[in-house]
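Residue numbers (our numbering): 4 to 342. Glycine residues also receive a C-beta, built at the ideal position from the N, C-alpha and C atoms.
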Amino acid sequence: MSLLPSKTRRVPFFAVVSTVAIVGAAVTLPLLLLPSAADAAAVGRGWGPRPKREGDILRLFDRQTVYVITNDDPEIADALLENCGQKARRILTPDEWQRMPSDTRWFVSPVFLINRERLPDGVSIPAACPADGDEVWTEVRRFGRQGGVSYEVTLSAPDSTWLRRAVSSFRTLKETPRQPLRRNVRSVAVVPIGAGAHEAAELLVQQQDANDDFNKRSAAHLLPAALLRPSGKTPARSDFMDEVILVDRGSAKPGDVPLPPPGVTLPSPGDTVTWREAKPDGHARIVYSAPSAGALFEAIRRPGNTLSVPEALTVLSSARDLRTVRRVAVAGVRNGAGG
């Protein structure tokens, strides 16, 4: 007669050794204990590791001494390490990190948050990071060190906006990437010309931030019109951007108003127009030109993608030119008795 159950059952991993008498002889064998109701319920839920969840990447900072090395706003370190379980943290500039003794650097987990727009020409931080141009680089390197394991994290982006998006994207990872994550991105420079164009420019930036996320690879930056002029050294970052120029002709200086491509008839004074030009580097320059701030604002608010415009000059709306009006008569009308 068998002493084991007639059917094989999955039970929690525990057993005791008992002495059982069989026909007067003593033998020793493991006696499997049947699970209780609570144990059986646990078995039904599974005994393997829990599924990976968004944000599990942040667990690599648990009980670590984290040094954040950044050439951007120090608050970006707070955005990265929010609700993390690090033992201690410190925020350093790249120069401060380089001046630290190598023995000290060996016992911490460094995190590099690098805005390449602010790096001198030919400089890479960390030195082994090959990212350049419009590339967002995310890398995690694991080191076995005395007393445990530490990690080196590198987030390198072409500008401040993309660096913040890289931080937000990193915090959603489920696990440590085995290879560097590389992503080519594009940025849009929104340039207001004329006092009335600034409100429309701010609206366009907000629209881009609301409609474009990290995966859509587009980010808007509000830049001064001075970047369009050849005087002085133009920041290298603007060479890698699409441009959207918003012109309020009613308040802009005549010399600041961009002209349509050669051979295109100039718009009438009351026309709100748009067109697209190709920049030498392959990016696009889009122009919205309106006779007033209100007309420009309405052109930005119109349905559809503000950045999808034809190459040919297109008239979006027309209004009567009232600049020649010298006198306006205003009359009040009232219905009823005494009207």
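### Query
If you compare alpha carbons, which of 106, 122, 157 is closest to residue 114?
Taking the first residue of the sequence shown as position 1, residue 114 is located at position 111. Residue 114 has its Cα closest to that of 157, out of 106, 122, 157.
### For residue 72, the first and last residue of its enclosing beta strand (DSSP E)
Position 69 of the sequence shown, counting from 1, holds the residue named residue 72. Residue 72 -> beta strand (DSSP E) spans 68-73.
### Task
Could you have a look at residue 190 and say whether DSSP puts it in helix, strand or coil?
The count along the sequence shown starts at 1 and reaches residue 190 at position 187. Three-state DSSP puts residue 190 in a strand.
### Query
Going by other Cβ atoms of all chains shown within 10 Å of its Cβ, with 16 needed for buried, is residue 137 buried or exposed?
To locate residue 137, count along the sequence shown from 1; it is residue 134. It is buried - the Cβ of residue 137 has at least 16 other Cβ atoms within 10 Å.
### Task
Give the C-beta separation of residue 199 and residue 299 to the nearest angstrom, bearing in mind that I take them to be a contact with Cβ-Cβ under 8 Å.
Residue numbering aside, residue 199 sits at position 196 when the sequence shown is read from its first letter. Residue numbering aside, residue 299 sits at position 296 when the sequence shown is read from its first letter. With a beta-carbon spacing of about 7 Å, residue 199 and residue 299 fall inside the 8 Å limit used to define contacts.
### Range of the contiguous alpha helix (DSSP H) that encloses residue 287
Numbered from 1 along the sequence shown, position 284 holds the residue referred to as residue 287. Here residue 287 belongs to no alpha helix (DSSP H); instead the beta strand (DSSP E) covers 287-293.
#### Entry: Own chain, CB closer than 7 Å to residue 315, minus 5 neighbours either side, in chain order
For this step, residue 315 is matched to residue 312 along the sequence shown. Hits under 7 Å: 278.
### Message
Any contact between the segment 131-147 and the segment 95-102? By contact I mean 3 or more CB pairs, one from each, below 8 Å.
### Response
no
### Query
DSSP beta-bridge partners for residue 147?
Along the sequence shown, read from residue 1 onward, the residue named residue 147 stands at position 144. Looking at the DSSP assignment, residue 147 forms a beta bridge with 152.
### Task
Measure from the alpha carbon of residue 310 to the alpha carbon of each residue in 106, 118, 204, then state which is nearest.
By one-based count along the sequence shown, residue 310 stands at place 307. Comparing Cα positions, the closest option is 204.
### Message
Quick check on DSSP: helix, strand or coil for residue 303?
### Response
For the purposes of this step, residue 303 is identified with residue 300 of the sequence shown, where counting begins at 1. In the three-state reduction of the DSSP assignment, residue 303 falls in the helix class, which pools H, G and I.
### Task
Select from 209, 197, 304 the residue whose C-alpha is nearest the C-alpha of residue 257.
The residue labelled residue 257 in the question sits at position 254 within the sequence shown. Of the listed residues, the one whose Cα sits closest to residue 257 is 197.
### Task
Could you check how far apart the C-beta atoms of residue 248 and residue 261 are, in whole angstroms? I think they sit under 8 Å.
If you number the sequence shown from 1, residue 248 lands on position 245. If you number the sequence shown from 1, residue 261 lands on position 258. About 6 Å; that satisfies the 8 Å criterion.
### Query
Under a three-way DSSP split, which group does residue 202 fall into?
Working through the sequence shown from its first residue, we reach residue 202 at position 199. Correct three-state label for residue 202: helix.
### Task
Tell me whether residue 339 sits in a helix, a strand or coil according to DSSP, three-state version.
Locating residue 339 in the sequence shown gives position 336, where the first residue counts as 1. Looking at residue 339 - three-state DSSP - the assignment turns out to be coil, as it is neither helix nor strand.
### Query
What's the C-alpha gap between residue 54 and residue 73?
As a first step, residue 54 is located in the sequence shown; it is residue number 51 there, counting from the start. As a first step, residue 73 is located in the sequence shown; it is residue number 70 there, counting from the start. Looking at the two C-alpha atoms, the distance is approximately 33 Å.
### Query
Below 7 Å between beta carbons: does that hold for residue 276 and residue 292?
Mapped onto the sequence shown, residue 276 falls at position 273. Mapped onto the sequence shown, residue 292 falls at position 289. Yes; because the gap between Cβ atoms is below 7 Å, this pair is in contact.
### Message
Measuring straight from C-alpha to C-alpha, what distance separates residue 188 and residue 209?
### Response
Along the sequence shown, read from residue 1 onward, the residue named residue 188 stands at position 185. Along the sequence shown, read from residue 1 onward, the residue named residue 209 stands at position 206. About 18 Å.
### Message
By the DSSP assignment, the alpha helix (DSSP H) with residue 169 in it spans what residues?
### Response
Within the sequence shown, numbered from 1, the residue matching residue 169 stands at position 166. Unbroken alpha helix (DSSP H) run through residue 169: 163-173.
### Task
Return the chain-ordered list of same chain residues with a C-beta closer than 7 Å to the C-beta of residue 128, the five sequence neighbours on each side being excluded.
Walking along the sequence shown from the start, residue 128 turns up at place 125. Result list for residue 128: 97, 115, 117, 122, in chain order.
### Query
Since residue 119 and residue 159 are thought to touch, with beta carbons under 8 Å apart, how far apart are those beta carbons, to the nearest angstrom?
The residue labelled residue 119 in the question sits at position 116 within the sequence shown. The residue labelled residue 159 in the question sits at position 156 within the sequence shown. Right, the Cβ-Cβ distance comes to about 6 Å (below 8 Å), so this counts as a contact.
### Task
Pick helix, strand or coil for residue 157, following the three-state DSSP scheme.
Indexing the sequence shown from 1 puts residue 157 at position 154. Shown here, residue 157 sits in a strand according to DSSP, grouped into three states.
### Task
Give the DSSP-derived three-state secondary structure of residue 92 in the structure shown.
Start at 1 with the first residue of the sequence shown, and residue 92 comes out as number 89. Strand at residue 92.
### Task
Label residue 78 either buried or exposed according to how many other C-beta atoms from any shown protein chain fall within 10 Å of its C-beta, with 16 as the threshold for buried.
Position 75 of the sequence shown, counted from the first residue, corresponds to residue 78. With fewer than 16 other Cβ atoms within 10 Å, it is exposed.
### Task
Determine the direct distance from the alpha carbon of residue 190 to that of residue 165, and round the result to whole angstroms.
Indexing the sequence shown from 1 puts residue 165 at position 162. Indexing the sequence shown from 1 puts residue 190 at position 187. So the alpha carbons of these two residues sit roughly 9 Å apart.
### Sequence-distant residues of its chain with Cβ nearer than 7 Å to residue 176 (five each side left out)
Within the sequence shown, residue 176 is the residue found at index 173, counting from 1. Contacts found: 60.
### Query
Run through DSSP, which three-state label would residue 207 get?
Numbered from its first residue, the sequence shown carries residue 207 at position 204. Of the three classes helix, strand and coil, the one that applies to residue 207 here is helix, per DSSP.
### Query
When the Cα of residue 180 is compared with those of 332, 71, 63, which residue comes out closest?
What you label residue 180 is simply residue 177 of the sequence shown in a count that begins at 1. It is 63 whose Cα lies nearest to the Cα of residue 180.
### Query
To the nearest angstrom, how far is it from the Cα of residue 267 to the Cα of residue 178?
By one-based count along the sequence shown, residue 267 stands at place 264. By one-based count along the sequence shown, residue 178 stands at place 175. Rounded to the nearest angstrom, the two C-alpha atoms are 55 Å apart.
### Query
Quick one: Cα of residue 246 to Cα of residue 334, how far?
Residue 246 sits at position 243 when you count from the first residue of the sequence shown. Residue 334 sits at position 331 when you count from the first residue of the sequence shown. Roughly 46 Å separates the two Cα atoms.
### Query
Leaving out the 5 sequence neighbours to the left and right, which residues in its chain are closer than 7 Å to residue 185 when beta-carbon positions are compared?
On the sequence shown, position 182 is the one that residue 185 refers to. For residue 185, where only same-chain residues beyond five positions count, the Cβ hits under 7 Å are 138, 140.
### Task
Give the C-beta separation of residue 92 and residue 84 to the nearest angstrom, bearing in mind that I take them to be a contact with Cβ-Cβ under 8 Å.
Within the sequence shown, residue 92 is the residue found at index 89, counting from 1. Within the sequence shown, residue 84 is the residue found at index 81, counting from 1. Yes, residue 92 and residue 84 are in contact; Cβ-Cβ is about 6 Å, under 8 Å.
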